[in-house]
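Peer 1: In this note's numbering, the protein residues as written are 141 to 252.
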Amino acid sequence: MKSFIFTLCIVVISLIYTPMTIAAEKFTVELEMNNGELTPPVLNVPAKTPVRIKIRNTGTEPVEFESTQLRKEKVLAPGARSVVVIAPLKPGKYTFFDDFHLAHPAGEIIVK
């Protein structure tokens, strides 16, 4: 009887924690910034999922990933790499841009 209760407890605990570990996983996308050029210019991400954007500055000048809608900014020196983590988002479009190269087109995060 004790082993049955122990096994039942293990099963219940694993069922409780499995959704938590799945929900905590981040969706990762990569973004290259090169003196104002954004590659890719559109990032497609799932709704209600934390998002990790791996940013790489391949240019010869500093860049600044910025999104006023998402309240995120990150400055990268030439050759630097960094990560921006965004909390789960509702479906929609969110803009981002290189604040050091405003003459270039902004990018877009599309959440579906």
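Even glycine gets a Cβ: it sits at the ideal position worked out from N, Cα and C.
For Phe236, which residues in the same chain have their Cβ closer than 7 Å to its Cβ, ignoring the five residues on either side in sequence?
Peer 2: Here residue 236 is taken as the residue at index 96 of the sequence shown, counted from 1. Cβ within range, chain order: Phe205, Glu206, Ser207, Ala246, Gly247 and Ile249.
Peer 1: Quick one: what does DSSP say Asn175 is sitting in, helix, strand or coil?
Peer 2: Start at 1 with the first residue of the sequence shown, and residue 175 comes out as number 35. Of the three classes helix, strand and coil, the one that applies to Asn175 here is coil, per DSSP.
Peer 1: Sort out for me which residues DSSP pairs Lys233 with in a bridge.
Peer 2: Taking the sequence shown and counting its residues from 1, one reaches residue 233 at position 93. Partner(s): Ile250.
Peer 1: To which residues of the same chain is Ala220 closer than 7 Å at the C-beta, ignoring the five residues directly before and after it?
Peer 2: Taking the sequence shown and counting its residues from 1, one reaches residue 220 at position 80. So the qualifying residues of the chain are Asn197.
Peer 1: Leu171 to Pro218, Cα distance in whole Å?
Peer 2: Taking the first residue of the sequence shown as 1, we reach residue 171 at position 31. Taking the first residue of the sequence shown as 1, we reach residue 218 at position 78. So the two alpha carbons sit approximately 14 Å from each other.
Peer 1: Tell whether a beta-carbon distance below 8 Å holds between Ile226 and Lys214.
Peer 2: For this step, residue 226 is matched to residue 86 along the sequence shown. For this step, residue 214 is matched to residue 74 along the sequence shown. Result no, Cβ atoms of Ile226 and Lys214 do not sit closer than 8 Å.
Peer 1: Would you check if the distance between the CB atom of Ala187 and the CB atom of Leu229 is smaller than 8 Å?
Peer 2: By one-based count along the sequence shown, residue 187 stands at place 47. By one-based count along the sequence shown, residue 229 stands at place 89. Yes, they are a contact pair.
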